[in-house]
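Chains A and B are the protein sequences, given in the same order. Position one of the first sequence corresponds to residue 930 (the working numbering), numbered consecutively onward. Position one of the second sequence corresponds to residue 930 (the working numbering), numbered consecutively onward. Idealized CB from N, CA, C, for every residue including glycine. This structure is a prediction, so every number in the text was calculated from the model and none was measured.
Protein chains: 2
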Amino acid sequence: MATLIDIGVAAAINILSAIAFLLAFGILRLQPFNDRVYFPKWYLKGVRSSPTSSGTLQKFVNLDVRSYLKFLGWMPAALRMPEPQLIEHAGLDSAVYLRIYLLGLKFFVPITLLAFAVLAPVNWTNDTLELESTKSPDLEFSDIDKLSISNIPTGSIKFWAPLVMAYIFTFWACYVLFKEYEIIASMRLHFLASAKRKPDQFTVLVRNVPPDPDESISELVEHFFLVNHPNHYLIHQVVYDANKLIKMVEKKKNMRNWLDYYQLKYERNPSISPTCKTGFWGLFGKKVDAIEYYTTEIDKICKEEVEERDKLKKNPKSIMPAAFVSFRTRWGAAVCAQTQQTRNPTLWLTEWSPEPRDVYWPNLAIPFVQLTVRRLIIAVLFFFLTFFFMIPIAFVQSLANIQGIEKAAPFLKPLVEVPIVKSFIQGFLPGIALKIFLIFLPTILMFMSKFEGLVSLSSLERRSASKYYLFLLVNVFLGSIIAGTAFQQLDTFIHQSVNEFPKTIGIAIPMKATFFITFVMIDGWAGIAGEILRLKPLIVYHLKNSFLVKTEKDREDAMDPGSIEFSSTEPKIQLYFLLGLVYAVVTPFLLPYLLVFFGLAFLVYRHQIINVYNQEYESAAAFWPDVHGRVITALIISQVVLLGLLSTKKAANSTPFLVALPVLTIWFHIFSKNRYEPAFHKNPLQEAMKKDTLEHTREPHLDIKAYLQNAYIHPVFKEVDDYMDISLVDGVEPESALVPTKRASQRNTPVPSKHNGSSTSSSSLLDVHEERS
Amino acid sequence: MATLIDIGVAAAINILSAIAFLLAFGILRLQPFNDRVYFPKWYLKGVRSSPTSSGTLQKFVNLDVRSYLKFLGWMPAALRMPEPQLIEHAGLDSAVYLRIYLLGLKFFVPITLLAFAVLAPVNWTNDTLELESTKSPDLEFSDIDKLSISNIPTGSIKFWAPLVMAYIFTFWACYVLFKEYEIIASMRLHFLASAKRKPDQFTVLVRNVPPDPDESISELVEHFFLVNHPNHYLIHQVVYDANKLIKMVEKKKNMRNWLDYYQLKYERNPSISPTCKTGFWGLFGKKVDAIEYYTTEIDKICKEEVEERDKLKKNPKSIMPAAFVSFRTRWGAAVCAQTQQTRNPTLWLTEWSPEPRDVYWPNLAIPFVQLTVRRLIIAVLFFFLTFFFMIPIAFVQSLANIQGIEKAAPFLKPLVEVPIVKSFIQGFLPGIALKIFLIFLPTILMFMSKFEGLVSLSSLERRSASKYYLFLLVNVFLGSIIAGTAFQQLDTFIHQSVNEFPKTIGIAIPMKATFFITFVMIDGWAGIAGEILRLKPLIVYHLKNSFLVKTEKDREDAMDPGSIEFSSTEPKIQLYFLLGLVYAVVTPFLLPYLLVFFGLAFLVYRHQIINVYNQEYESAAAFWPDVHGRVITALIISQVVLLGLLSTKKAANSTPFLVALPVLTIWFHIFSKNRYEPAFHKNPLQEAMKKDTLEHTREPHLDIKAYLQNAYIHPVFKEVDDYMDISLVDGVEPESALVPTKRASQRNTPVPSKHNGSSTSSSSLLDVHEERS
């Protein structure tokens, strides 16, 4: 077992690296040439633009010494923006996402105080471990273990302390969760109620339109809704199967990049006309003039694109059996989204339409039977992924044990026994091994979720997050505990049965405390500090900037603001919740490390959300029920583990008291689910009616049909049109002619601005604010 | 273990008692004075009435010898009525209920044939049991065991036969289930679509109306729906808290019975004026003239009732926060029932209204928070009921073991060792012990379900059925297997862990085959034969007839047609499904007994449904998803048991093949649930729109408001009014004056007949038929 010194070394290393990252960030962010890396959000908002005037050097390097003195100034700045303005600025999703970290602080600050006030003295004032170590000299223990529940003698009456604490912690957690659910449900409802007119409020996504020999999909949809929603139906938009067109657009984009690259090369050195080969990956084939080649190729694809687009629109087979149906009123849409249309529940499936930018187009056409088969396949695949991934992790984990290394490679013994190396190995290796595994995972899980056939990006992210959480639970949490123990207690463990499971984990949990403390430091502290440094986008941006960027627009395309990536970040937070809840009673010494993590993460992510991340969609915090459910899961796991631990400690008369806890927790979950979850799935008619009435009074002559006409057109059609414009009128930005505003980006802007005339940088945000409220 | 002779004796006893019951029924049903016991359904329909003319003796006893010769004629008669007519006659619930027995036959006839063709030879052609019995002479085995899977030697390749059979049986079961689900879903939809105008088509039950300081509940409901469903809302009816009134009506009913009794006594012997005591239970207090006393008491209560009723209607506090809201169109009601009304999902809860006769009034006012608490309480109580009930059963089970009895009471040994007594004990006792336990159970479970706060009788029955099934599963199925084994293998068993569970059951299952065969005979065969004899209603009717009956109306009240009692009968059928599926692979010898049960039960229940049972409500087969789900549960249990059994038989390489089975079965369940279950919960708008349009074209000037005005009035108000009429105009039947038809009963008539003029017995049913189709 690791000693306090090991932990101290690991903490020092991690704190130093975190501080180094923060320092580097503090300096880099002040350099104007990094502006688009560290403040892309403001560029997307149209509030900032590239510095054009002033000296050339000043354009790249910040020479103002005073600004370096307050290089930690971003921290208070990140906290300064009030929540309502944050919602305006970055959307409700982001604001609620930050509340997860806040929830962690709300959870664990009181729990830590109470645990250190009550449990630490109870655990410390025993000498079980000292007695045991005199009996069996092999057993090592540290001061951390003296603070843990392991130090209470078997059968002691002192076990009532952790038991009562488990109750108090559970009640506190449930109370905080319930309050938070209430707040977020009302934030969501308020957000939806105060949102201004958006196409998805009027629109329902209809899937599985049955084929009809006499009518086209479009006619069929129109007739069906004219008959069954006679007073409410307005228009509909069919969905085209544009996958071929998407490929063309991708190909053209790639070619344009090459063209830009060669043009820039030519400009810098006009003496040599750049050449390239036409074959596979530019390695084989005929040598041609690069600029000429790509220009003609792009022209060719442009024409093909237009042809393909026209063909799509004419060919009835390219219309998928799905449609976006819009209604005259929000009430009509709410009714249609919540009701079953026909007696066959697998046809004419209606659901509330996602935002246009949230739609995941390729999945719209998957029929019902295929969906269930796909789900089965993914469930089986995911099972195998989760359980066979464990083998390499278990192997690496076992190596991280000093004894394991010495046994496996005896010649390393002298090196490993050097105190600092030993501490380093014990503090660093296990966390890093896990980390490498985990980097590749979210992409695979997202692919699996896409295969399952969900139709919006937000639901895809939620689905991936669920999978990732399960994976982390099995592999990081259980895997670390059991595999580690398995190599220590191999003989006693392998032939154990399932109901011994909580016991085994219960025994292993206190022993794994140091491992998880180092895990929190590496994955948590250093990971968060690395997040704010944005090393990868920094490098990629500067590479692109030097090789590809010609115009302002190119520079904007080179900018990679990224996003929160809910699907991979949220499950990780949940892992910390799990660790905190499990160790709160067992080894309270872990809790302060978590508090640092939650505090730092809150700060960093608030800064990133304000300055960096681009909002890709707005789901109005639709992910909260998942977050809530996972915290409940963690709570139940912690209770079961404690049950197992106490039953091995011969505190058996406490079992009935502990069994009641998970029962009550599950009941609480059902209760809060019934109470608040409908707010995240359903659309109350009263709210819809209110907004309709208000709108009708304010704008009695509104032409809603024109407003909705083209709201749900496949983005690739728009893109084709855009590119057409660009290739025809090269160099002129078409959107600046259409929308006279400073907003320079088209990417994921929440709503097209209706302001005429230019607005200054500072007032623009406030204008949006007024407009929305 | 029991031998073939034991089974033979048990079978003989049970077959003889079943034949005796059937014979008794064959004779009793022909006697006219039993007519109201064996054919009450026809009286309720108004097709039959008491014989009035002809000779006095003939009125009571059937002297026509020829009719006795065809005393089994009821069997073909029961099968003769075609299903559509059966639906007209007894409702869709009854018709679909019968299909559960048919499903059993469809399941098990091919399975039995296949099992005897394939598994029986495979099992028989081994000598494992003979070899084992030579090794350990204690081990007894019978020819039944030679036919079971126990006879295959450990590790034999022959285990592929049961394995492949398990696959075939599962696929067959799923296929039949899927087809059946399809048929029943379409029957339900057709039934609903072809049903004529009924109040519940237009009505939605609204619960948890929030209190408002300024408005009464009634005004609040009206305003809310006028605002949020402006084009569709028609009227509403509030719900009164009439529990006090109900008690008064009960008390008066009881007093009327006593009055009738004393009046009859006085009529028979006019010389003595009957007296009674006014105190507790008529045992203490002052002696008074009975007739005078009860007459004045009844008058008093009648007046009190009217006062109470008027008070209820005036007092705003007696109005519960619930209402039946009716809409102009079925479309409007379908929309309101399926949507969420306000942002708080615990207020203004709307659901499709049950039929007026299906409403369970006392539960309408329970608020949301109380509901969840009540559910928690019942879940905990039910858990204790299920698991602590096992102790006495286990005790009785263990006694039923001959060795157990001899050990417990050695002096009984000579008696017990008499062959016929031994067979009797082994064949009879265990089944009867269970039976006695089970008789009292459904009432308790129904009480628990009522406490949970469901609002319709049909959902209460479904809920009770679920509980009863779980109870039977744990206590009868698992309890019989494990408790029995526990007393045999006590040492090896008690310290076993949870993952050994399937193995333990797997080992015990073949040993318990004879027990379950006798169980099928006693509970199944004799139980069904007892059902048709209706001994209890027979006795009660004749007792009432001699002591209370004065008028035709009294005689009708004395009649007890009973009903299917889904809540207790369906779980029992499910137990047979479970036994059949579990033993199909293990001991196919059990299957023929099941076939006899399903065949006989189908016949008997078809007869009872046609001639006896009164339909208390019509839920349009809403219970089918439950039935389907339970058969799937049985299927999965059978697969897990087989997995456990084979793993003990060292056929370990078969495990992966068997694990796939439950996964596929669960997937099938999810698939068929998604495909067909919505048909049982939701109300497709298309169907509603069709019916609306049709009705509007046919009857453009229909006054739907008048039609719905009083549809959902608490039945006790009607009853008070009825009694008022009776007490005012004694002896005259008020309804005969209002509705001039032969229909003599008011009890649970589906819809008031609109026929004017009398119809003859034979044509009346056909008329109803025409009217509906």
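task = Would you mind stating whether F1527 (chain B) and L1008 (chain B) have Cβ atoms separated by less than 8 angstroms?
result = Counting from 1 along the second sequence, the entry for residue 1527 (chain B) is found at position 598. Counting from 1 along the second sequence, the entry for residue 1008 (chain B) is found at position 79. No; because the gap between Cβ atoms is not below 8 angstroms, this pair is not in contact.
ask   = Among B:Q1299, B:P1199, B:K1173, which residue has its Cα nearest to the Cα of K1240 (chain B)?
value = As a position in the second sequence, residue 1240 (chain B) is number 311, starting the count at 1. Ranking the options by Cα distance to K1240 (chain B), first place goes to B:K1173.
task = Would you identify the three-state DSSP class for F1609 (chain B), choosing helix, strand or coil?
result = Within the second sequence, residue 1609 (chain B) is the residue found at index 680, counting from 1. Reduced to three states, the DSSP call for F1609 (chain B) is helix.
inquiry  = Would N1186 (chain A) pass as an interface residue toward chain C - the criterion being a Cβ-Cβ separation below 8 angstroms?
reply    = The structure shown contains no chain C; the protein chains it does contain are A and B.
request  = Measure from the C-beta of V1264 (chain A) to each C-beta in chain B and report whether the shortest distance is under 8 angstroms.
outcome  = Along the first sequence, read from residue 1 onward, the residue named residue 1264 (chain A) stands at position 335. For V1264 (chain A), the answer is yes, since a Cβ of chain B falls inside 8 angstroms of its Cβ.
message = Please classify D1022 (chain A) as buried or exposed, where buried requires at least 16 other C-beta atoms within 10 Å of its C-beta.
response = Working through the first sequence from its first residue, we reach residue 1022 (chain A) at position 93. Result: buried.
request  = Taking only the alpha-carbon atoms, compute the straight-line gap between R1185 (chain A) and I1220 (chain A) and give it to the nearest angstrom.
outcome  = As a working mapping, residue 1185 (chain A) is identified with position 256 in the first sequence. As a working mapping, residue 1220 (chain A) is identified with position 291 in the first sequence. One C-alpha to the other measures close to 10 angstroms.
query = By the 10 Å Cβ neighbour count, where 16 or more other Cβ atoms means buried, how is H1152 (chain A) classified, buried or exposed?
reply = If you number the first sequence from 1, residue 1152 (chain A) lands on position 223. Under this definition H1152 (chain A) is an exposed residue.
Residues in the region 1042–1057 of chain A having any Cβ partner in chain B nearer than 8 angstroms = So nothing in the stretch comes that close.
message = Rounding to the nearest angstrom, what Cα-Cα distance links R1303 (chain A) and W1290 (chain A) in this structure?
response = The residue given as residue 1303 (chain A) occupies position 374 in the first sequence. The residue given as residue 1290 (chain A) occupies position 361 in the first sequence. Taking the straight line joining both Cα atoms gives about 17 angstroms.
query = Taking Cβ positions, are A1563 (chain B) and Q1503 (chain B) nearer each other than 8 angstroms?
reply = Looking up residue 1563 (chain B) in the second sequence gives position 634. Looking up residue 1503 (chain B) in the second sequence gives position 574. It is a contact, given that the beta carbons lie within the stated cut-off.
request  = For E1280 (chain A), name the three-state secondary structure that DSSP assigns.
outcome  = As a working mapping, residue 1280 (chain A) is identified with position 351 in the first sequence. It is a strand residue.
ask   = Is T1271 (chain B) closer than 8 angstroms to P1613 (chain A) when the C-beta atoms are compared?
value = Residue numbering aside, residue 1613 (chain A) sits at position 684 when the first sequence is read from its first letter. Residue numbering aside, residue 1271 (chain B) sits at position 342 when the second sequence is read from its first letter. Yes, they are a contact pair.
ask   = In chain A, what lies closer than 9 angstroms to L1305 (chain B) by C-beta?
value = By one-based count along the second sequence, residue 1305 (chain B) stands at place 376. Within chain A, the residues near L1305 (chain B) are V1592, L1593, W1596, I1599, F1600.
Beta-ladder partner(s) of V1715 (chain B), from DSSP = Because chain B in this structure spans residues 930 to 1702, residue 1715 (chain B) falls outside the shown range and cannot be described.
ask   = Tell me the DSSP bridge mates of I1248 (chain A)?
value = Walking along the first sequence from the start, residue 1248 (chain A) turns up at place 319. Its beta-bridge partners are A:Y1169.
message = Quick check: is the beta carbon of T1275 (chain B) nearer than 8 angstroms to any beta carbon in chain A?
response = Taking the first residue of the second sequence as position 1, residue 1275 (chain B) is located at position 346. Yes, its Cβ sits closer than 8 angstroms to a Cβ of chain A.
key: Span separating the alpha-carbon of K1452 (chain B) from that of L1523 (chain B)   = Indexing the second sequence from 1 puts residue 1452 (chain B) at position 523. Indexing the second sequence from 1 puts residue 1523 (chain B) at position 594. Going by the sequence as given, residue 1452 (chain B) is Asp instead of Lys. Between D1452 (chain B) and L1523 (chain B), the C-alpha separation is close to 11 angstroms.
Any C-beta of chain A under 8 angstroms from that of A1608 (chain B) = If you number the second sequence from 1, residue 1608 (chain B) lands on position 679. Yes, its Cβ sits closer than 8 angstroms to a Cβ of chain A.
ask   = For T1099 (chain B), does the count of other Cβ atoms within 10 angstroms reach 16, so buried, or fall short, so exposed?
value = Stepping through the second sequence from its first residue, residue 1099 (chain B) is reached at position 170. So T1099 (chain B) ends up on the buried side.
query = Can you name the residues that DSSP bridges to S1385 (chain A)?
reply = On the first sequence, residue 1385 (chain A) is found 456 positions in, with the first residue counted as 1. Paired residue(s): A:V1288.
task = Helix, strand or coil for F1256 (chain B), going by three-state DSSP, please let me know.
result = Here residue 1256 (chain B) corresponds to residue number 327 of the second sequence, with the count starting at 1. DSSP places F1256 (chain B) in strand when its eight states are reduced to three.
query = Y1534 (chain A): buried (16+ other C-beta within 10 angstroms of its C-beta) or exposed?
reply = In the first sequence, residue 1534 (chain A) corresponds to position 605, counting from 1. Under this definition Y1534 (chain A) is a buried residue.
query = Quick one: is K1611 (chain B) near chain A, going by C-beta distance under 8 angstroms?
reply = Residue 1611 (chain B) sits at position 682 when you count from the first residue of the second sequence. Closer than 8 angstroms: yes.
query = Closest Cβ-Cβ distance between P1681 (chain B) and chain A: below 8 angstroms?
reply = On the second sequence, residue 1681 (chain B) is found 752 positions in, with the first residue counted as 1. Note that P1681 (chain B) has pLDDT 38, beneath the 50 cutoff, so the model's placement of it is unreliable and the number below is only indicative. By this cut-off, P1681 (chain B) is not an interface position.
message = Taking only three categories from DSSP, how would you classify R1136 (chain A)?
response = Working through the first sequence from its first residue, we reach residue 1136 (chain A) at position 207. The answer is strand: DSSP assigns R1136 (chain A) an E or B state.
task = Could you tell me the distance, in whole angstroms, from the CA atom of N943 (chain A) to the CA atom of P1521 (chain A)?
result = By 1-based counting over the first sequence, the position of residue 943 (chain A) is 14. By 1-based counting over the first sequence, the position of residue 1521 (chain A) is 592. Distance between the alpha carbons of N943 (chain A) and P1521 (chain A) is about 15 angstroms.
message = On a Cα-Cα basis, can you pick out the residue from B:V1168, B:F954, B:M1177, B:F1311 that is closest to P1245 (chain B)?
response = Taking the second sequence and counting its residues from 1, one reaches residue 1245 (chain B) at position 316. The shortest C-alpha separation from P1245 (chain B) is found at B:V1168.
Continuous alpha helix (DSSP H) stretch holding I1633 (chain A): start and end = Indexing the first sequence from 1 puts residue 1633 (chain A) at position 704. I1633 (chain A) -> alpha helix (DSSP H) spans 1633–1637.
key: Chain-ordered residues of the region 1103–1128 of chain B with a beta carbon less than 7 angstroms from chain A   = L1118
ask   = When the Cβ atoms of the region 1142–1157 of chain B are set against those of the region 1222–1231 of chain B, are three or more pairs found closer than 8 angstroms?
value = no
ask   = For the region 1144–1157 of chain A, which residues have a beta carbon sitting closer than 9 angstroms to at least one beta carbon of chain B?
value = F1153, V1156, N1157
ask   = Do V1138 (chain A) and V1150 (chain A) have their C-beta atoms closer together than 8 angstroms?
value = What you label residue 1138 (chain A) is simply residue 209 of the first sequence in a count that begins at 1. What you label residue 1150 (chain A) is simply residue 221 of the first sequence in a count that begins at 1. Cβ distance < 8 angstroms, so V1138 (chain A) and V1150 (chain A) count as in contact.
query = Of all the options A:W1260, A:S1255, A:L1300, which has the alpha carbon lying nearest to the alpha carbon of T1275 (chain A)?
reply = Against the first sequence, residue 1275 (chain A) aligns to sequence position 346. Per the C-alpha coordinates, the member of A:W1260, A:S1255, A:L1300 positioned closest to T1275 (chain A) is A:L1300.
query = Is there at least one Cβ from chain A nearer than 8 angstroms to E1616 (chain B)'s Cβ?
reply = In the second sequence, residue 1616 (chain B) corresponds to position 687, counting from 1. At least one chain A Cβ lies under 8 angstroms of E1616 (chain B).
task = Give me whichever residues DSSP pairs with Y1162 (chain B) in a beta bridge.
result = Indexing the second sequence from 1 puts residue 1162 (chain B) at position 233. Looking at the DSSP assignment, Y1162 (chain B) forms a beta bridge with B:F1256.
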